[in-house]
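Residue numbers (this note's numbering), protein chains in the order written: chain A, 2 to 171; chain B, 52 to 142. Note that CB positions come from ideal geometry on N, CA and C, so glycine has one too. Since this is a predicted model, take the numbers as computed values, not measurements.
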């Protein structure tokens with residue numbers, strides 16, 4: 002089945018959309034059931050994009066009162082696990098720079114409007130491509146790029162304002 | 052004055068493309084001429100070069116957060132069981 006390699010991604014994205022691991026599991030399970038029912042009509046070309054669209058629609062159907070492109074408080078990190086494995090390895094250049102403190106980072110993310118926060122978390126934390134974020138949120142690619150750019154700009158400004166040093170790194 | 056205005060335009064050009072340059076996302080790649088112009092500007096503009104350093108730091112910090120936000124392996128296993136049961140039901 003096309004979905005099995007994507008299960009972890011679905012759970013992570015569902016966590017971003019719902020704000021909790023318990024709800025993420027419910028959403029992922031329901032999405033898998035719907036995907037299975039729709040499998041005959043799937044051409045097999047882009048399973049992740051297909052599944053993310055199903056995840057979005059399922060999320061909207063399961064919780065119509067909540068906007069699908071918002072995210073809960075990222076500072077609440079239930080089930081935080083030790084760092085092992087990762088999505089996309091950062092470049093050696095990125096690994097060389099000094100680190101932003103996690104508390105500062107969480108405050109910077111928390112300072113964002115939810116619609117900007119969701120996009121930056123989906124790209125930088127969940128590791129989705131721009132096109133996958135567009136599928137997940139049902140918004141145009143250009144909107145993904147503009148929200149991402151503004152989110153990162155605002156986070157940079159927040160970090161620079163609150164660290165009182167040159168640059169944002171420590 | 053002309054040099055200053057030219058520099059400002061170049062900063063704007065760079066800022067408008069910086070995230071796409073850093074992400075190199077397959078659906079929004081810059082063309083080679085844009086990359087050359089952007090990199091030439093970064094080589095001579097300390098302000099934009101510092102922005103690049105900041106955004107790289109930010110991406111790295113977010114990447115480290117992603118490693119802390121992995122789902123519980125038991126949850127992943129349960130989702131695989133859901134798929135297995137669906138497959139089993141069809142047989």
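Discussion item. Suppose you measure from the CA of residue 49 (chain A) to the CA of residue 7 (chain A); what does that come to, to the nearest Å?
Written reply: 6 Å
Worksheet item: Which residues mark the beginning and the end of the alpha helix (DSSP H) in which residue 99 (chain B) is found?
Response: 97 to 119
Worksheet item: Taking the continuous alpha helix (DSSP H) assigned at residue 64 (chain A), which residues delimit it?
Response: From DSSP, residue 64 (chain A) is part of no alpha helix (DSSP H); its letter is neither H nor E.
Discussion item. So, at 8 Å on beta carbons, what are the nonlocal neighbours of residue 28 (chain A) in its own chain, with the 5 sequence-adjacent residues on each side left out?
Written reply: 15, 18, 19, 56, 59, 60 and 63
Fill in: Buried or exposed (CB count within 10 angstroms, at least 16 for buried), residue 122 (chain B)
buried
Practice prompt. Could you list which residues in chain A have their beta carbon closer than 8 Å to that of residue 78 (chain B), in chain order?
Written response: 130, 131, 132 and 142
Practice prompt. Say whether chain B places a C-beta atom closer than 8 Å to the C-beta of residue 112 (chain A).
Written response: no
Worksheet item: Just to confirm, are residue 148 (chain A) and residue 105 (chain B) a CB contact at a threshold of 8 Å?
Response: no
Worksheet item: Would you say residue 22 (chain A) faces chain B, with C-beta separation under 8 Å as the test?
Response: yes
Worksheet item: Does the stretch 106 to 125 of chain B come close enough to the stretch 99 to 109 of chain A to have 3 or more Cβ pairs within less than 8 Å?
Response: yes
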